[in-house]
Each structure stands twice: as structure tokens, then as C-alpha cells.
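Novice: So for the sequence shown, the numbering used here puts the first residue at 19; every next one is plus one.
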Amino acid sequence: VGRNGSGKSTLLKIAAGLIEPQDGEVFRQPSATVRYLPQMPDMEGFATVRAYVVAGLGPADDPYRASYLMEHLGLSGEERPNDLSGGEARRAALARVMAPEPDILLLDEPTNHLDLSVIEWLEEELIRTSSA
Numbered sequence: 019v020g021r022n023g024s025g026k027s028t029l030l031k032i033a034a035g036l037i038e039p040q041d042g043e044v045f046r047q048p049s050a051t052v053r054y055l056p057q058m059p060d061m062e063g064f065a066t067v068r069a070y071v072v073a074g075l076g077p078a079d080d081p082y083r084a085s086y087l088m089e090h091l092g093l094s095g096e097e098r099p100n101d102l103s104g105g106e107a108r109r110a111a112l113a114r115v116m117a118p119e120p121d122i123l124l125l126d127e128p129t130n131h132l133d134l135s136v137i138e139w140l141e142e143e144l145i146r147t148s149s150a
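#1: Would Leu-87 and Pro-118 be called neighbours here (beta carbons separated by less than 8 angstroms)?
#2: Go ahead and pull the three-state DSSP assignment for Ile-137.
#3: Ignoring anything shorter than 4 residues, give me the alpha helix (DSSP H) runs that lie fully in the stretch 42-94, in order along the chain.
#4: Can the beta-carbon of Arg-108 be found closer than 8 angstroms to that of His-131?
#5: Quick check: what's the CA-CA separation for Leu-93 versus Arg-21?
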């Protein structure tokens, strides 16, 4: 939590291993899985929401979890990414990062474009998850 421009997104990107810090060191447990939800998810190149969400799974991840999340987030999976509203795109991105049940889940502005019922569901789902 901090004001605009204070470096919150940059810190999350460093923690996710997407960018290197200008100074200092970062230690990540080599075996830890990390997933990062950016403010502006890139769905370019995916024909459907399902393809986008499933692409975030690893070989050992449960594809049922992806279906469960899409269903609870009000997505059929057949939607075309280019046709999504801001809220639908955010829900698809949440399903993608949450489906693998990572050790560490980094969410940058996760409630942007979400209505109250989805925010409440997300809060409950995050309480149930084993992700840090």
C-alpha cells in the first residue's frame, strides 16, 4: 500500500524476477513458485480465455483448478480476449495466476475493474489458498 508512483509495481516485478533491482540483492528460494498479476495483463496471441488461463499452468498443475476459477469468476473460457471488458480481462488474469496455486502470489492492483461480489469472492478464495 502506498501512493501513486512510489514504486509498488516495481517492487512486485523485482520480487517476481521480471526485472533486476538497480541496487542490492534479491534472494528467492529456488524451489518456490511465484506468480505475478500485472496491472495490464497481456492476452495477445490467445484465441480464448481458456487457452490464456491454461497456458499459465505447469505440467504438474491441476487443470480442473483453472476451470473452477473461471466458473467462479463468471467466465466460460470460450470468450475471446479481444472482446473482454476490463473486469472480464482482470478476472481471466486472476484465474491464470491463481490456478497453479503458487507458493507466492503477487497481485498488482487485483481489484481494478472488479465489482463488489467478485472482490468478496476473491478475498475468501485468497484466505483459503496456501499461497503467500
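In this text, a Cβ means the ideal position worked out from N, Cα and C, and glycines have one as well.
Specialist: If we stick to the structure as given:
#1: No; because the gap between Cβ atoms is not below 8 angstroms, this pair is not in contact.
#2: In the three-state DSSP reduction, Ile-137 falls in the helix class (H, G or I).
#3: Entirely contained in the stretch 42-94, the alpha helix (DSSP H) runs reaching 4 residues are, in chain order, 67-72 and 81-90.
#4: Cβ distance < 8 angstroms, so Arg-108 and His-131 count as in contact.
#5: Rounded to the nearest angstrom, the gap between the Cα atoms of Leu-93 and Arg-21 is 32 angstroms.
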